[in-house]
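**Student:** Attaching a single structure in structure tokens format; questions to follow.
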Amino acid sequence: MVREREHERTRERENEREDERAWERPATAAAARRGWAGAAPLATVVPAAVMLVLGLWGLDRGTMWRDEAATLQVARRSLPEIRRLLEDVDAVHGLYYLLMHPLAALGAGETTLRLPSVVAAAATAALVAALGRRLARPRVGLWAGLLYAVTPFVSHYAQEGRSYALVAAGAALATCLLIRAVEGTPGEDGGPPRYGRWAGYGAVVAVTALLHEFAVLLLAAHAVTLLVSRVPGRVWRGWGCAAVAACGLLAPLAVLSRRQSEQVSWIRTPGYEQARALLYAFAGPGEAVVVVTLLLAAVAIVAPLPRKGPLGLTAVALPLVLVPPVLLYAASQRQPLFLDRYLIFCLAGLPLLAAAGAERLLGLLPWRRVATAAGVAAIVLAFVWQLPFHERERLPGSRGDELARVASAVGRVARPGDAVLFLPLHERRISLAYPRDFTGLRDLTLKRTPAASGTLFGKEVGTDELRARLRGLPARQRVWVVADTTTVGTPWFRAQREEFAKTTALGALYREESTVFVRGGAVSLYMRR
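Quick note on this note's numbering: the sequence shown kicks off at 3 and runs consecutively.
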């Protein structure tokens, strides 16, 4: 028994030494540079170009939705006004608002507002391709980058004036930097020392998490990657210092956003439907494409490609696509926070797995160019199959609401001198997004503007003041009520005392004459009884 234990310990020590030697072999700076910038640069350029074209296609939908309207009106404020707002609300988007501030200051409209997301999505497609090239071979990178670019879910957020496409780009870049930091050898061939690479990795993770704090879950995915790859202790020390630094920079935002958690109180506890929707968003959403993508990913998991360096493709991609959603889903059983857009940063892992699975199958073909072309043709077929989904993403009604249609309805029927009342107060976002249609109208309930009050929608007068203002209107004064039809009349609305009191005060003195309904909203004319 003693001899057997000694033999087992000896074998374990030999395995550890072999792992250590395997880590040292591919770690030269020259080899790493050849891996990232070697042959077939088109493997990264082509996916980026395709994503750029898809991002620009139909970029002007003719309307913003509520979240984009918030981006535009906050980014247009002065820096002190933005700071004051973030102290009470929307702190999680603070860095994004600051990044968009110079663009808004130049008079950017809703289309220009989306351009940073388009560029970020193109950069992410290129980075996904770079990961596939480095971890496997150029055609795997080409396939992965193209598959990422033609995913409708990616197009959705590539064409939205919010931070999610930028977060995805940051996560992909951080994953690339993780691989470089693990592979690098301090000072060899003029390469940067290891601590410099880890510092760069930690900085990118920190900035990405500051753009949206749930991106910090990327660290958990990378920890699993290092764990299954059996990295030596020096790698853990470098990664640990970078991770602690990133979390330390994020901590103040996490504390502040915790105090603003009322903003996400509407999110439901996730169940099977939410998990299924996320799967279809990542892998499809066309049924046939979902099935093929998942089968290819399963092939990559069951038969991983040989490692070219210390980290294998499956070891990087599988934790990336799996760990953050699982952690957020589990945490959301207690505090619901599970939304698909919060997790777009980990989508890149699935195209990498599918491309690796395709390499396992198509790699059996004796002709390299035929195999590459066959993979590209399959991705083109997937795009054509899902073309209706892409077209739907570019329609005005592809988001939660169409603020421009409501504003246009007001602009057609209202005249300068008329009064307007918003139900509930967050419908004032329509006039903030499209002020031209509300020119000359008197806001009956506004007490302080959003910028002056440090809020998103402004401060309103009380019910008594509203009654006095209504009584003081001329007898023939027209009052237009702009209402959110998804909330007005619901139990939630009746539970909001201030909002319900507005309808009571209006109904006591005015009667409804006519109503124009548009998607998600209504514009009603009220006249004195």
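Beta carbons are placed, not taken as given, at the ideal position from N, Cα and C, and that holds for glycine.
Starting from the C-beta of Ile381, find all residues in its chain whose C-beta is less than 7 Å away, skip the five residues before and the five after it, and write them out in chain order.
**Tutor:** Excluding positions up to five away in sequence, the list reads Trp145, Leu148, Leu149, Val152.
**Student:** Is it buried or exposed, Glu395, if we count other Cβ atoms within 10 angstroms and call 16 or more buried?
**Tutor:** Burial call: buried.
**Student:** Residues in its own chain within less than 8 Å of Gly365 by CB, not counting five upstream and five downstream?
**Tutor:** So the list reads Ala373, once near-sequence residues are dropped.
**Student:** Near Val520, what residues of its chain come up, given a Cβ to Cβ distance below 6 Å and the 5 sequence neighbours on each side ignored?
**Tutor:** Once the five neighbours on either side are set aside, the close Cβ partners of Val520 are Arg407, Val408, Ala411.
**Student:** Determine, using beta carbons only, whether Gln161 and Gly250 come nearer to each other than 9 Å.
**Tutor:** No, the Cβ-Cβ distance between Gln161 and Gly250 is not below 9 Å.
**Student:** Note down the Cα distance separating Leu258 from Ala93, rounded to an integer number of angstroms.
**Tutor:** Each residue's alpha carbon lies about 7 Å from the other.
**Student:** Residues in its own chain within less than 8 Å of Leu511 by CB, not counting five upstream and five downstream?
**Tutor:** Result list for Leu511: Arg469, Leu472, Arg473, Arg530, Arg531, in chain order.
**Student:** Excluding the five sequence neighbours on either side, which residues of its own chain have a C-beta within less than 6 Å of the C-beta of Arg141, listed in chain order?
**Tutor:** Excluding sequence neighbours, Arg141 sits near Thr374.
**Student:** Which residue comes first and which comes last in the alpha helix (DSSP H) that contains Phe284?
**Tutor:** 274-285 is the span of the alpha helix (DSSP H), which, as asked, contains Phe284.
**Student:** Distance, Cα to Cα, Leu280 vs Ala379?
**Tutor:** About 26 Å.
**Student:** Go ahead and label Leu213 buried or exposed: buried means 16 or more other beta carbons lie within 10 angstroms of its beta carbon, across all protein chains shown.
**Tutor:** Result: buried.
**Student:** From Tyr159 to Ser119, what distance separates their C-alpha atoms?
**Tutor:** Going from the Cα of Tyr159 to the Cα of Ser119 covers about 7 Å.
**Student:** Distance check for Gly111 and Ser526, CA to CA, integer angstroms please.
**Tutor:** About 28 Å.
**Student:** Tell me which residue opens and which closes the alpha helix (DSSP H) that Phe391 is part of.
**Tutor:** Its alpha helix (DSSP H) spans residues 389-395.
**Student:** How is the alpha helix (DSSP H) around Glu467 delimited, first residue to last?
**Tutor:** That run of the alpha helix (DSSP H) goes 465-473.
**Student:** Can you give me the Cβ contacts of Leu329 inside the same chain, cut-off strictly under 7 Å, excluding the 5 residues immediately before and after it?
**Tutor:** Correct list, in chain order: Leu219, Ala222.
**Student:** Please state the DSSP three-state secondary structure of Asp191.
**Tutor:** Caution applies to Asp191, whose pLDDT of 43 falls short of 50 and renders its modelled position unreliable; the model cannot decide the point.
**Student:** Could you check whether Ile181 and Leu354 sit closer than 9 Å to each other, using their CB atoms as the reference points?
**Tutor:** In this structure, Ile181 does not lie closer than 9 Å to Leu354 by Cβ.
**Student:** Considering only C-alpha positions, which residue in the set Ala350, Gln276, Ala503 is nearest to Thr126?
**Tutor:** Nearest of Ala350, Gln276, Ala503 to Thr126, Cα basis: Ala350.
**Student:** Would you say Gly425 and Glu501 are within 9 Å of each other, going by their C-beta atoms?
**Tutor:** Here the sequence assigns Leu to residue 425, which means Gly is not the residue at that position. Contact flag set, yes.
**Student:** Is the distance from the Cβ of Gly619 to the Cβ of Val207 below 9 Å?
**Tutor:** Given a span of 3 to 531 for the chain in the structure shown, any question on residue 619 remains unanswerable.
**Student:** Looking only at C-alpha atoms, which of Ala357, Glu289, Arg236 sits nearest to Thr316?
**Tutor:** Considering only alpha carbons, the answer is Ala357.
**Student:** Suppose contacts are defined by Cβ-Cβ distances below 9 Å. Is Lys310 in contact with Arg136 by that definition?
**Tutor:** A contact, by the Cβ cut-off of 9 Å.
**Student:** Can the beta-carbon of Leu307 be found closer than 9 Å to that of Ala138?
**Tutor:** Yes, the pair counts as a contact, with Cβ atoms nearer than the cut-off.
**Student:** Measure from the alpha carbon of Ser231 to the alpha carbon of each residue in Ala247, Gly163, Val318, Gly286, then state which is nearest.
**Tutor:** Residue Val318 is the option with its Cα nearest to Ser231.
**Student:** Can you tell me which residues form a DSSP beta bridge with Trp527?
**Tutor:** According to the sequence displayed, residue 527 carries Leu and not Trp. The partner list for Leu527 (beta bridge, DSSP) reads Trp482, Ser516.
**Student:** Could you tell me if Gln75 is buried or exposed, where buried requires 16 or more neighbouring beta carbons within 10 angstroms of its beta carbon?
**Tutor:** Counting Cβ neighbours within 10 Å, Gln75 comes out buried, since at least 16 surround it.
**Student:** Run the CB neighbour count on Pro390, radius 10 Å, all protein chains shown included, and call it buried at 16 or more, exposed below.
**Tutor:** It is exposed - the Cβ of Pro390 has fewer than 16 other Cβ atoms within 10 Å.
**Student:** Are there 16 or more other CB atoms within 10 angstroms of the CB of Tyr286, so buried, or fewer, so exposed?
**Tutor:** Checking the sequence, you will find Gly at residue 286 rather than Tyr. By the neighbour-count rule (16 or more Cβ atoms within 10 Å), Gly286 is buried.
**Student:** Going by beta-carbon coordinates alone, are Val301 and Arg362 separated by less than 9 Å?
**Tutor:** Cβ distance < 9 Å, so Val301 and Arg362 count as in contact.
**Student:** Can you find at least 3 beta carbon pairs, one from the region 331-339 and one from the region 267-277, that sit closer than 8 Å?
**Tutor:** Taking 8 Å as the limit for Cβ pairs, the verdict is that the region 267-277 does touch the region 331-339.
**Student:** Could you give the uninterrupted runs of the alpha helix (DSSP H) lying entirely in the region 56-98, keeping only those of 4 residues or more?
**Tutor:** The qualifying runs are 68-77, 81-88.
**Student:** State yes or no: is the C-beta of Val481 within less than 9 Å of the C-beta of Val415?
**Tutor:** Not in contact: Val481 and Val415 (Cβ atoms no closer than 9 Å).
**Student:** Leaving out five residues on either side along the sequence, give the residues of the same chain with a beta carbon under 6 Å from the beta carbon of Thr46.
**Tutor:** Excluding residues within five positions, the ones whose Cβ falls inside 6 Å are Ala128, Ala131, Ala132.
**Student:** With a threshold of 7 Å on Cβ separation, who are the neighbours of Arg116 within its own chain once the five nearest residues in sequence on each side are excluded?
**Tutor:** Excluding positions up to five away in sequence, the list reads Leu61, Gln161, Glu162, Gly163.
**Student:** Rounded to whole angstroms, how far is the Cβ of Val237 from the Cβ of Leu228, which I believe are closer than 8 Å?
**Tutor:** Confirmed, about 6 Å.
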